[in-house]
Each structure stands twice: as structure tokens, then as C-alpha cells.
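Report on one structure; see the data block that follows.
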Amino acid sequence: MKKIAILYGTSGGNTESIAERIQELFDGEADIFDVSSVSIDEVQPYKYLILGASTTGMGDLQDDWDSFLPTFSSKMDFTDKTVAIFGLGDSASFSSSFAESIFVLHDELNSKVKIVGEIPDEGYTYDDSSAVVDGKWLGLALDEDNEYDETEERLEKWVEQLKEEFV
Ligand SMILES: Cc1cc2nc3c(=O)[nH]c(=O)nc-3n(C[C@H](O)[C@H](O)[C@H](O)COP(=O)(O)O)c2cc1C
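Here it is, written out as C-alpha cells:
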């Protein structure tokens, strides 16, 4: 039984691709689930949960995650679990709500479960994001629309960090 589950919600496929890359970086030692069709029973056994969502509207959570989050938050038993969050956004077109999907997930789950995977707000260009608190992102922010050339390095660094924080 693998210990890591990657749960993603995507509208155009970007977040799914990132979820698959994260699985590779964990050497396949993680299972992947699309939140549009997952059940709590399927993900309950995993100790480490990596949640990925794109941002829509103006700082809103991706639609499938938006539907699933109330159930996930209220029905999961988070005892002894650890969560990490990654969020996608577009820092040019949505510069004042960049990758705020991270904030929405963090805000809902923070009081219920240990969340790791914060990163320094260095190397990003945007105006504002609720997902940055005291100079730190509450999870990994990625921008496949403008900063795709940064993605691989950001992912590799983050996964190395998670390998230390998932203990
Ligand atoms: C209607 C719409 C609204 C969006 N709103 C935001 C936003 O508020 N903030 C942001 O950072 N990105 C926003 N984006 C950009 C997406 O989050 C970004 O393109 C992401 O890579 C899409 O990932 P997906 O293909 O997994 O859904 C928006 C995109 C669309 C189409």
C-alpha cells in the first residue's frame, strides 16, 4: 500500500499534468486521483495527501474541488495525516488573485490537519495573492501560462522538501 495520494482538480489539464510529474518525482510511490470522481473511502487509507487545484473565477477554487471540498473536509478522518498543497494560476492575467486556490484549500483544512510544503515567495512576479502569508506561499504556486520554464525546478525542489517534511 502506497502512503501518498495526489488529489487533483483540473479544468484544462494543466493540474493533471503536474500531478503526474509529482508522481514521477516520488518514483511512482504515490497514487493519483481526480477529485471529480474520487470517494472518501478511496483516499482515507493514505497518510500523506498532496492536493492540487487550479484557480478560477477571481481567486476561486477549481470547480471539481469546489464541489468535493465540503465532503473531503467533513468526512475525512485526518488523524495522523499530513497534507501539502499546490496551486496553479496565471500571474499575468490574474495578477491580483494569483494561485489563490492554495489559500482556499489551506483556509478550509488548516484547523483540521497538519499542512506542510510552504515555500518562500521568491522568484514570482504578481501583484497580490491571499496564498502568501508573511512572505511565504502556503503551498507550491505554479504558473503554466507564463512561467512554465520555472516549473520543473520548482517541482523538484518542492518534492525534495516534502520528502523531508513527510515524516
Ligand atoms: C475563467 C478563468 C479564471 C481564472 N482565474 C484565475 C485567478 O483568479 N487567478 C489565477 O492565478 N489564475 C486564474 N486562472 C488561470 C488558471 O488557473 C490557469 O490557466 C491554470 O493553469 C489552469 O489549470 P487547469 O488546466 O488545471 O485548470 C483562470 C483561468 C480561467 C479560464
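Those letters in the sequence shown? Residues 478 to 644, by my numbering. Just so you know, even glycine gets a beta-carbon here, dropped at the ideal spot from N, CA and C.
Contact between L615 and R631 is absent: CB atoms are separated by about 15 Å, not below the 8 Å threshold. In this structure T487 is buried. Its beta-carbon is surrounded by 16 or more other beta-carbon atoms within 10 angstroms. Here the segment 479-495 lies against the segment 522-541, with 3 or more beta-carbon pairs under 8 Å apart.
Secondary structure at P547: helix, using DSSP grouped into helix, strand and coil. Approximately 17 Å separates the beta-carbon atoms of M478 and I517; this is outside 8 Å, ruling out the contact. Taking I499 as the centre and dropping the five residues before and after it, the same chain places the C-beta of I483, A507, I527, G529, F563, L632 and V636 closer than 8 Å to its C-beta, in chain order.
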